[in-house]
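Asker: Residue numbers (the working numbering), protein chains in the order written: chain H, 7 to 193; chain E, 7 to 193. Sharing a structure here in structure tokens format.
There are 2 protein chains.
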Amino acid sequence: MSTDTLSPVSTLCLAILQCGEATGYEIKKESVEGDYRYFVDASYGSIYPALARLANDGYVTVREETHPGRPIRKIYSITPEGTDALIAALSQPPGPDQRRSRFLLVAKSAPHLPAAVVKAAVDERRRLLTEEMEHLRRITADYSDEPSVAWIVGYGLACMGTSLDYLEKNADDLVAIAKPPLADAAE
Amino acid sequence: MSTDTLSPVSTLCLAILQCGEATGYEIKKESVEGDYRYFVDASYGSIYPALARLANDGYVTVREETHPGRPIRKIYSITPEGTDALIAALSQPPGPDQRRSRFLLVAKSAPHLPAAVVKAAVDERRRLLTEEMEHLRRITADYSDEPSVAWIVGYGLACMGTSLDYLEKNADDLVAIAKPPLADAAE
DNA sequence: CCGAGATATATCGAACCGGGATATAGCCAC
DNA sequence: GTGGCTATATCCCGGTTCGATATATCTCGG
């Protein structure tokens with residue numbers, strides 16, 4: 007093993023490949039639209055280099071399919087060494103979740119922002135959460151045979167439910183904190 | 007305005023400076039230990055270049071304090087243009103939260119992992135969540151005069167509470183999904 | 001039926017970011 | 001008094017993002 011610690015994207019690629027071979031394009035789609043989208047995110051610029059490194063380290067193999075005209079399809083498969091590396095990587099303590107929230111930055115800055123901006127952010131967030139939860143509920147049926155996906159979806163629904171609930175109950179308080187639109191004489 | 011879209015780190019710096027002048031060191035501490043740590047994260051390697059860009063664009067000013075021996079203290083203050091840029095940046099729809107969760111990757115991969123690994127991850131996560139919530143409860147009193155911080159802390163506590171609750175109720179199910187330690191004959 | 005746009009697929013490059021190493025000088029603990 | 005921590009900034013390497021580019025098929029609106 008040339009590197010003892012796998013980068014997050016490399017770990018993600020191995021985890022996806024553990025469920026079956028895939029192309030870089032499919033891995034990206036999985037991490038943007040698929041079951042993984044709620045807790046990872048990766049772009050071409052990180053996935054393809056990561057796959058190249060993994061191939062170089064012997065953790066994945068590549069098989070090329072040439073379709074006339076189209077770019078070469080590079081299909082990646084995990085190797086036994088790759089499986090070992092994945093298990094080793096996932097065996098390390100996971101550490102806290104990392105959350106990046108533009109919305110919470112707006113909330114924190116509410117005292118310095120016009121009330122309309124705060125209100126728009128709250129509404130947008132409520133909309134997004136509602137949409138997301140609907141989507142999760144819709145796909146629950148499709149994946150009921152994969153229990154780990156069901157577990158994760160349940161987790162996501164629980165967290166988003168609480169989030170939405172807090173938002174609906176406390177939206178007015180937050181907007182009230184914002185800078186009142188009329189009295190801007192006093193900074 | 008030379009750039010119409012601020013980078014996330016630049017936005018963060020402006021948001022912090024909006025509450026008062028600070029050095030790069032203090033901004034970093036705020037984003038790692040302070041009120042912002044739950045939803046952003048930034049390092050020296052991103053903060054200092056961002057501050058330089060902001061200064062270059064006229065969004066912040068720098069004042070230098072030379073203490074004998076120590077490195078020069080560069081104290082940054084936001085300008086009116088900076089405030090405008092901050093408000094403009096925060097006025098754009100915030101988009102969904104981004105969550106990076108090593109733990110959920112473990113959960114998703116549970117069928118391919120030894121039960122002990124899954125159990126360790128669950129325990130570690132429970133520990134982290136409990137610690138984090140205790141810390142939040144402790145600081146609630148200190149910041150009761152800043153209502154936006156109180157709002158965010160309430161939000162965080164609600165989400166973490168649900169998270170912990172789901173974890174405690176469903177931990178066994180997840181561990182049960184993991185690969186049983188004895189029967190590893192059939193892959 | 002023709003062109004606009006989407007889909008599938010990979011690559012490249014510039015800018016940006018993360019984490020560690022480096023420098024320095026008081027202060028605290030042992 | 002030595003080693004480690006705090007305060008403070010800078011530099012660098014590798015990893016990451018995001019957009020541009022290439023190209024062939026397929027689909028949809030006009």
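Backbone N, C-alpha and C define an ideal beta-carbon position, used for all residues, glycine too.
May I have the straight-line CA-CA distance separating Lys175/H from Leu12/E, to the nearest angstrom?
Answerer: Counting from 1 along the first sequence, the entry for residue 175/H is found at position 169. Counting from 1 along the second sequence, the entry for residue 12/E is found at position 6. Using only the alpha carbons, I get a separation of about 31 Å.
Asker: Check this for me: beta carbons of Ser83/H and Pro117/E, under 7 Å apart or not?
Answerer: As a position in the first sequence, residue 83/H is number 77, starting the count at 1. As a position in the second sequence, residue 117/E is number 111, starting the count at 1. The answer is no: Cβ separation not under 7 Å.
Asker: Along chain E, in chain order, which residues have C-beta atoms closer than 9 Å to that of Ile183/H?
Answerer: For the purposes of this step, residue 183/H is taken as residue 177 along the first sequence, with counting starting at 1. Residues of chain E passing the Cβ test: Pro153, Ser154, Trp157.
Asker: Report the rounded CA-to-CA distance for Ser49/E versus Lys34/E, giving the unit in angstroms.
Answerer: As a working note, residue 49/E is residue 43 in the second sequence. As a working note, residue 34/E is residue 28 in the second sequence. Rounded to the nearest angstrom, the two C-alpha atoms are 6 Å apart.
Asker: Taking beta-carbon pairs under 9 Å, can you tell me which members of the stretch 54-86 of chain H lie near chain E?
Answerer: none
Asker: Distance, Cα to Cα, Ala164/H vs Ala58/H?
Answerer: To locate residue 164/H, count along the first sequence from 1; it is residue 158. To locate residue 58/H, count along the first sequence from 1; it is residue 52. The alpha-carbon atoms of Ala164/H and Ala58/H are separated by roughly 37 Å.
Asker: How many whole angstroms separate the CB atoms of Asp171/E and Arg105/H, which I take to be in contact at a CB cut-off of 8 Å?
Answerer: Along the second sequence, one-based indexing puts residue 171/E at 165. Along the first sequence, one-based indexing puts residue 105/H at 99. Their Cβ separation, rounded to whole angstroms, is 18 Å, which puts Asp171/E and Arg105/H out of contact at 8 Å.
Asker: Sort out for me which residues DSSP pairs Lys185/E with in a bridge.
Answerer: Residue 185/E sits at position 179 when you count from the first residue of the second sequence. Pro120/E.
Asker: So, helix, strand or coil for Gly88/E, using DSSP?
Answerer: Translated into positions along the second sequence, residue 88/E becomes position 82. Three-state DSSP puts Gly88/E in a helix.
Asker: Confirm, please, whether the CB-CB distance from Phe109/E to Pro100/H is below 7 Å.
Answerer: Taking the first sequence and counting its residues from 1, one reaches residue 100/H at position 94. Taking the second sequence and counting its residues from 1, one reaches residue 109/E at position 103. Yes.
Asker: Report the neighbours of Arg132/E on chain H: residues whose CB is nearer than 8 Å to its CB, in chain order.
Answerer: The residue you call residue 132/E lines up with position 126 of the second sequence. Correct list: empty, because the minimum Cβ distance to chain H is about 11 Å.
Asker: Suppose only complete runs of 4+ residues qualify. What are the alpha helix (DSSP H) ranges in the stretch 117-171 of chain E, listed by chain order?
Answerer: 121-146
Asker: If you measure between the beta carbons of Val112/E and Ala127/E, is that distance less than 7 Å?
Answerer: Taking the first residue of the second sequence as position 1, residue 112/E is located at position 106. Taking the first residue of the second sequence as position 1, residue 127/E is located at position 121. Contact flag set, yes.
Asker: Have a look at Leu20/E and Ile53/E and give me their C-alpha separation to the nearest angstrom.
Answerer: The residue you call residue 20/E lines up with position 14 of the second sequence. The residue you call residue 53/E lines up with position 47 of the second sequence. CA-to-CA, the gap between Leu20/E and Ile53/E works out to about 11 Å.
Asker: Pull up the distance between the alpha-carbon of Met7/E and that of Asp63/E, whole angstroms please.
Answerer: What you label residue 7/E is simply residue 1 of the second sequence in a count that begins at 1. What you label residue 63/E is simply residue 57 of the second sequence in a count that begins at 1. Model confidence at Met7/E stands at a pLDDT of 43, short of 50, so the residue's coordinates are unreliable; what they give is reported in the following sentence. So the alpha carbons of these two residues sit roughly 7 Å apart.
Asker: Can you give me the Cβ contacts of Arg131/E inside the same chain, cut-off strictly under 6 Å, excluding the 5 residues immediately before and after it?
Answerer: Mapped onto the second sequence, residue 131/E falls at position 125. The answer, listed in chain order, is Phe109.
Asker: Thinking C-alpha only, which one of His73/E, Gly40/E, Asp41/E, Asp90/E is nearest Leu60/E?
Answerer: By 1-based counting over the second sequence, the position of residue 60/E is 54. When each option's Cα is compared against that of Leu60/E, the closest is Asp90/E.
Asker: Which residues in chain E have a C-beta closer than 8 Å to the C-beta of Tyr172/H? List them in chain order.
Answerer: As a working note, residue 172/H is residue 166 in the first sequence. Chain E residues near Tyr172/H: Gly160, Tyr161, Ala164, Cys165.
Asker: From Ile183/H to Arg43/E, what distance separates their C-alpha atoms?
Answerer: Translated into the one-based positions of the first sequence, residue 183/H becomes position 177. Translated into the one-based positions of the second sequence, residue 43/E becomes position 37. Looking at the two C-alpha atoms, the distance is approximately 21 Å.
Asker: Looking only at its own chain, which residues have a Cβ that is under 6 Å from the Cβ of Glu70/E, when we skip the five neighbours before and after it?
Answerer: Position 64 of the second sequence holds residue 70/E. Cβ neighbours of Glu70/E beyond the five flanking positions: Ile78, Lys80.
Asker: Mind pulling the chain H residues with CB within less than 7 Å of Arg143/E?
Answerer: Position 137 of the second sequence, counted from the start, is the residue given in the question as residue 143/E. Correct list: empty, because the minimum Cβ distance to chain H is about 16 Å.
Asker: Between the Cα of Ala147/E and those of Glu137/E, Leu18/E, Gly160/E, spot the shortest distance and give me the residue it belongs to.
Answerer: Locating residue 147/E in the second sequence gives position 141, where the first residue counts as 1. Ala147/E has its Cα closest to that of Gly160/E, out of Glu137/E, Leu18/E, Gly160/E.
Asker: Under the rule that 16 or more other beta-carbon atoms within 10 Å means buried, what is Glu129/E, buried or exposed?
Answerer: If you number the second sequence from 1, residue 129/E lands on position 123. For the record, residue 129/E in the displayed sequence is Asp; it is not Glu. With fewer than 16 Cβ atoms within 10 Å of its Cβ, Asp129/E is classed as exposed.
Asker: Have a look at the DSSP bridge pairing and note the partners of Arg59/H.
Answerer: Taking the first sequence and counting its residues from 1, the one referred to as residue 59/H is at position 53. Answer by DSSP bridge pairing: none, since Arg59/H is not bridged.
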